[in-house]
Amino acid sequence: MWLINPVVVSPTIAAVGLSFYSYGFPRVGTCIEIGVVQILLVVIFPLYLRKISVLGHRVFLIYAVPLSLFITWATAFLLTESGVYSYKGCDPNIPASNIISDHCRRHVSRMKSCRVDTSHALRSSPWFRFPYPLQWGTPVFHWKMALVMCVVSIISSVDSVGSYHASSLLVASRPPTPGVLSRGIGLEGLSSILAGLWGTGTGSTTLTENVHTVAVTKMGSRRAVELGAFVMIILSLIGKVGGFIASIPEVIVAALLCFMWAMLTALGLSNLRYSEAGSSRNIIIVGLSMFFSLSIPAYFQQYGISPYSNVSLNYVLNTLMSLHMVVAFLVAVILDNTVPGSQQERGVYVWSEPEAARREPAVCKDYELPFRVGRLFRWVKWVGL
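Next up, the structure:
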């Protein structure tokens, strides 16, 4: 834990958001009139209309994403139904390689990007589907991919460290103890194992945007999170819900993610407020970390390591060095822990002492396991208070 502090966390999280810059607006540009409208709405609602209240709720601030999504999707639907994206003799469902007409070839990209009826996900999805473990067959172990995932999981824990600390301050609670921190990261690992057994292609980690959600909604109740998790589990059994989400046009998704990735980058950099952000030492470390997180992966993605090196080692190094957050973390953690700096300048995270936390009922209530489950794990000191 002593290696991780705000100067390391900030560029690591920011690099995750910046790593998708090549996908954002280039994808929006395939249907500029829909994508730009989505970007404008999702920016105007939380910035210019954030103080407008409806029945005591700042709906434009709290529900900026779903409101803007509904308006843009409805607009795209009306344009599609009115024939704006219909071209005589052209079918958007035909693969581009099978289109002979030059007239249709010129418009096929626009039809596929702007129309809302090109996806068959909602139509083909079942009403109910019960997922079960190993539904895609027995897992296959590849040590090269396992090594890469282990490194990425360790670095994703850096995101969790910053998010846990920021969340505790937002809800006016004491910072968690190292045991609570270990418990949270351990449960993320357990969730990743369960996700793999159920055939999900990604693991489970902390979503930094939820820190912003807590700040906006002022809702830090675990009961709300538990209720939301229960609702999502129920909805996961309804195939049409997944089909509905999958049918959102890609250009609208790309426009939304332009906003979400920008938020992720800003939230990552906001961790610098726990250190001396104006320090030349910290400015250089963060600047180098972010620059190399974009530059080094670009090199490895284009050239890679020498083809004459070991194939397995080549695969592992190429994969790791092509990941922006890995490069940002390595540069930041090496520089921050080798360049001299005071504790105040580095902004080392301050965690609660376990003994002091146990004596405070408010802290125990915030971090104890629900339904008195914690009593069963009192012997495991590193997962509790």
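Numbering (UniProt numbering), first residue to last: 1 to 385. The beta-carbon is built from N, C-alpha and C at its ideal position, and this holds for glycine as well.
Taken in chain order, no unbroken stretch of beta strand (DSSP E) lies wholly in the segment 264-330 with a span of 3 residues or more.
For the options I4, L49, T72, Y48, the alpha carbon positioned closest to that of L256 is the one of T72. T30 is a Cβ neighbour of V251, given a cutoff of 8 Å. For the pair of segments examined, the segment 290-309 was found to touch the segment 318-326: the number of CB pairs separated by less than 8 Å reaches three. The DSSP assignment places 209-217 as complete runs of the alpha helix (DSSP H) inside the segment 185-226, in order along the chain (cut-off: 4 residues). Beta bridge pairing from DSSP links V54 with H57. If you draw a 10 Å sphere on the C-beta of S19, you find 16 or more other C-beta atoms in it, and that means buried.
Note on S221: under 16 other CB atoms within 10 angstroms of its CB, so exposed under the neighbour-count rule.
A straight line joining the alpha-carbon of P139 with that of P133 spans about 10 Å. Under the DSSP definition of a beta bridge, F128 partners with I238. A straight line joining the alpha-carbon of R58 with that of W143 spans about 50 Å.
The three-state secondary structure of S86, taken from DSSP, is coil.
Scanning S153, S182, V152, M149 for the CA closest to the CA of H165 turns up S182.
In this structure, DSSP gives H120 a state outside helix and strand, which the three-state scheme calls coil. With fewer than 16 other Cβ atoms from the protein chains shown falling within 10 Å of its own Cβ, H120 counts as exposed. Under the three-state reduction of DSSP, W143 is assigned to helix.
Straight across, the Cα-Cα distance linking V7 with P297 is about 21 Å. The DSSP-derived three-state label of G137 is coil.
Taking G83 as the centre and dropping the five residues before and after it, the same chain places no C-beta closer than 8 Å to its C-beta.
In the DSSP annotation of this structure, the continuous segment of the alpha helix (DSSP H) that includes F25 starts and ends at 24-28. C-alpha of I334 to C-alpha of V286: approximately 12 Å in a straight line.
Shown here, V251 sits in a helix according to DSSP, grouped into three states.
Counted as a single uninterrupted DSSP element, the alpha helix (DSSP H) harbouring A74 occupies residues 64-81.
For V171 and L79, the gap between their C-alpha atoms comes out near 44 Å.
Contact fails between the segment 46-56 and the segment 263-271, because fewer than three Cβ pairs, one in each stretch, are under 8 Å apart.
Taken through DSSP and simplified to helix, strand or coil, L369 comes out as coil. Separation of A328 and S86 (C-alpha to C-alpha, rounded to the nearest whole angstrom) is 46 Å. If you ignore the 5 residues before and after S192, its C-beta comes within less than 6 Å of the C-beta of G203, S204, all in its own chain and listed in chain order. Bounds of the alpha helix (DSSP H) holding R346 are 343-346.
In the DSSP assignment, P175 falls outside any alpha helix (DSSP H) and carries neither an H nor an E.
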